[in-house]
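> Please find one structure pasted underneath; my questions will follow.
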Amino acid sequence: MSTIEEAYLLPQSVPWPCAFTRIDAVYVWTQGGYQVSRDPDDYPLFLAVREVDRPEWERFFEGAGLPTADERQPREDLDGPLQVVLESRSELEIDTVEGYPVTPLDETLEYMHENYAHFQSAIRMVEEMYDDRFPRA
């Protein structure tokens, strides 16, 4: 795998469902408008997958030269800058934004609120972008 851009497209080339989650869900929901903790030399992709499909995902990414793990691995333990953090789930809810599979907005907002210090401005951005999804007071 040569580029970060290619890594984002790679999951869409297989038959198993997945959804970008955590930091990547924020990136997708903001349509690339918000990035946090991203270093091109140490770049994990966060992907939610179904438990039953996990072995296939691991083989797929291994074949693409990308290591997988349950949690982010230290850069010094990897051969390259990219890694895929797989979050196994018994069921998977998927929304699509600009063609990218992503965890639902409410789940992404919950993650953002849990990590408020990192995502304060992204929360405002998402609320403005998806104003029609939020109830009026």
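So the sequence shown is numbered by the numbering used here: it starts at 204 and just counts up by one. The beta-carbon is built from N, C-alpha and C at its ideal position, and this holds for glycine as well. In this text the structure is predicted, and so the values were computed from the model without any measurement.
#1: Could you tell me the distance, in whole angstroms, from the CA atom of Trp260 to the CA atom of Pro277?
#2: Taking the alpha-carbon positions, what's the Asp227 to Arg327 distance?
#3: Please state whether the Cβ-Cβ distance between Thr224 and Ala267 is less than 8 Å.
#4: Thinking C-beta only, is Ile297 closer than 8 Å to Tyr167?
#5: Residue range of the alpha helix (DSSP H) that Pro243 falls in?
#6: Spatial neighbours of Phe263 within its chain, please: C-beta separation below 7 Å, excluding the five flanking residues on both sides.
#7: Would you decide whether Ala210 is buried or exposed? Buried here means 16 or more other CB atoms lie within 10 Å of its CB.
#8: Just curious, the alpha helix (DSSP H) that Gln323 is in, first and last residue?
#9: Could you check what DSSP says for Ala251 in three-state terms: helix, strand or coil?
#10: Could you say if the stretch 270–286 and the stretch 306–318 meet the contact criterion of at least three C-beta pairs nearer than 8 Å?
Based on what the coordinates show:
#1: Numbered from its first residue, the sequence shown carries residue 260 at position 57. Numbered from its first residue, the sequence shown carries residue 277 at position 74. Computed Cα separation, rounded: 21 Å.
#2: Along the sequence shown, one-based indexing puts residue 227 at 24. Along the sequence shown, one-based indexing puts residue 327 at 124. Approximately 17 Å, taken between the alpha carbons.
#3: For the purposes of this step, residue 224 is taken as residue 21 along the sequence shown, with counting starting at 1. For the purposes of this step, residue 267 is taken as residue 64 along the sequence shown, with counting starting at 1. Result no, Cβ atoms of Thr224 and Ala267 do not sit closer than 8 Å.
#4: The chain is shown from 204 up to 340; residue 167 falls before or after that span and cannot be answered.
#5: The residue given as residue 243 occupies position 40 in the sequence shown. No alpha helix (DSSP H) contains Pro243, which DSSP labels as neither H nor E.
#6: The residue given as residue 263 occupies position 60 in the sequence shown. The beta carbon of Phe263 sits closer than 7 Å to those of Val217, all from its chain and outside the five residues before and after it, given in chain order.
#7: If you number the sequence shown from 1, residue 210 lands on position 7. It is buried - the Cβ of Ala210 has at least 16 other Cβ atoms within 10 Å.
#8: In the sequence shown, the residue the question calls residue 323 occupies position 120. First-last of the alpha helix (DSSP H) with Gln323: Tyr319 to Met332.
#9: What you label residue 251 is simply residue 48 of the sequence shown in a count that begins at 1. The answer is strand: DSSP assigns Ala251 an E or B state.
#10: Fewer than three beta-carbon pairs drawn from the stretch 270–286 and the stretch 306–318 are found closer than 8 Å, and the two stretches are therefore not classed as touching.
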